[in-house]
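Q: Taking this note's numbering as reference, the numbering of the sequence shown is continuous, increasing by one, and the terminal residue is 909.
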Amino acid sequence: MDDKVKFGLYLAKLREKQGFDSQRKLALAAKVSPATISRIEAGIQKAEPDTLKKLAPYLGVPLEVLMEKAGYLDSVVINDPPTLDDELNAIMRNLGPDVTLQFYDLKGMTEEEKEQLKIFLQGLKARREQQKEKRE
């Protein structure tokens, strides 16, 4: 299997795992052309480093990992798993522009409060997805 095809499949899995059910939604969030996402996932086009930099925050993986998977860097070892703050920020980014959660002071919250917020946000996200499916 071609390296571009392998990376395209990897990118599609990351996109879906992060709750982007379409290439267009990821493209809009990351300010990348939907056609670019489509060509990368199809294995037609190699992802450029600039594109990977825009996508990384929305895919839940460090830029270095994407660069390594795309063949730009030698194997990268990431020792630190994402923190609870990282997870919460990713969930908040993916909820959409109508949800403003900037008033949450993550640094001032206890771990228990962060866990509760994470559960709440995941529930909100799931509910929105269910409502969207009912409309379609």
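Glycine included, every Cβ here is placed at the ideal spot set by N, Cα and C.
Quick check on K905: buried or exposed, where buried means 16 or more other Cβ atoms within 10 Å of its Cβ?
A: Looking at its Cβ environment, which holds fewer than 16 other Cβ atoms inside 10 Å, K905 is exposed.
Q: Let me make sure I understand the geometry here. Which of A829, E885, P835 and M865 has the alpha-carbon closest to that of P854?
A: That would be P835, whose Cα lies nearest to the Cα of P854.
Q: How would you label Q796, buried or exposed, when you count the other beta carbons within 10 angstroms and need 16 or more for buried?
A: Looking at its Cβ environment, which holds 16 or more other Cβ atoms inside 10 Å, Q796 is buried.
Q: Quick test of the definition: if touching needs 3 or more C-beta pairs under 8 Å, does the segment 886-893 touch the segment 812-826?
A: no
Q: I'd like the list of long-range same chain contacts for E814, defined as Cβ closer than 7 Å, with 5 residues on each side in sequence excluded.
A: Excluding residues up to 5 positions away in sequence, G781, L784, A785 and Q796 lie with their Cβ nearer than 7 Å to the Cβ of E814 in the same chain.
Q: Assuming L846 contacts E837 under a Cβ cut-off of 8 Å, what Cβ separation, rounded to an integer in Å, is found between them?
A: 6 Å
Q: If you run the structure through DSSP and keep just helix, strand and coil, what is D794?
A: coil
Q: Counting C-beta neighbours from all protein chains within 10 Å, is the total for F876 16 or more, i.e. buried, or is it exposed?
A: For F876, the predicted structure reports a pLDDT of 49, less than 50, and the residue's modelled location is therefore unreliable. The matter cannot be settled from this model.
Q: Can you list, in chain order, the residues of its chain with a C-beta nearer than 7 Å to that of G896? Leave out the 5 residues immediately preceding and following it.
A: Same-chain partners within the cutoff: there are none.
Q: Could you please give the first and the last residue of the uninterrupted alpha helix (DSSP H) stretch that includes I995?
A: Nothing about residue 995 can be read from this structure; the chain reaches only from 774 to 909.
Q: When you compare the CB positions of F793 and L799, do they come within less than 7 Å of one another, or not?
A: With a cutoff of 7 Å on beta-carbon distance, F793 and L799 are scored as near each other.
Q: Output the distance between the C-alpha atoms of L777 and K790, rounded to the nearest integer angstrom.
A: Residue 777 is actually Lys in this sequence, not Leu. If I take the Cα positions, the gap works out to 20 Å.
Q: Assuming contact is defined by CB atoms lying nearer than 7 Å, are I864 and L832 in contact in what I supplied?
A: no
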